[in-house]
Amino acid sequence: MEKVKTATGTRKDIRSIAYIMAFTLGLLLIIAGAVMSTPVPAIVGALLLVACSVAVMITEPEALDIYAQAYSDSEAYTRH
Numbered sequence: 002m003e004k005v006k007t008a009t010g011t012r013k014d015i016r017s018i019a020y021i022m023a024f025t026l027g028l029l030l031i032i033a034g035a036v037m038s039t040p041v042p043a044i045v046g047a048l049l050l051v052a053c054s055v056a057v058m059i060t061e062p063e064a065l066d067i068y069a070q071a072y073s074d075s076e077a078y079t080r081h
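Residue numbering for the sequence shown follows the working numbering, starting at 2 and increasing by one per position.
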């Protein structure tokens, strides 16, 4: 954790925790909408998930680089 904190900084750690909390809240709202049979919480939760995903893509591009690297590595092992 120390290496990550020194490399990314405390501000990025707090931002990542906020993204995780917003994403979790969106999932909980979708579940609540399904349980209560009302579309409003589910719609708000879905919008929150989309907004959170876009915010992560904009503010943390290194996460996309890690995903792209993992995808390109998996492509190397497929048969043609």
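Glycine included, each C-beta is placed from N, C-alpha and C at the ideal position.
Alpha-carbon spacing of residue i relative to residue j, whole angstroms
i   : j   : result
A56 : A35 : 26 angstroms
K54 : L48 : Before going further, note that residue 54 is Ser rather than Lys in the sequence given. Distance between the alpha carbons of S54 and L48: 10 angstroms.
V41 : T60 : 28 angstroms
M37 : F24 : 20 angstroms
V51 : S17 : 16 angstroms
D14 : T39 : 35 angstroms
Same chain, Cβ closer than 6 angstroms to residue i, neighbours up to 5 away in sequence not counted
i   : result
M22 : none
G46 : G27, L30, I31
Same chain, Cβ closer than 7 angstroms to residue i, neighbours up to 5 away in sequence not counted
i   : result
Y20 : C53, A56, V57
Collapsed DSSP secondary structure at residue i in the structure displayed
i   : result
E61 : coil
T39 : coil
Same chain, Cβ closer than 8 angstroms to residue i, neighbours up to 5 away in sequence not counted
i   : result
I44 : G34
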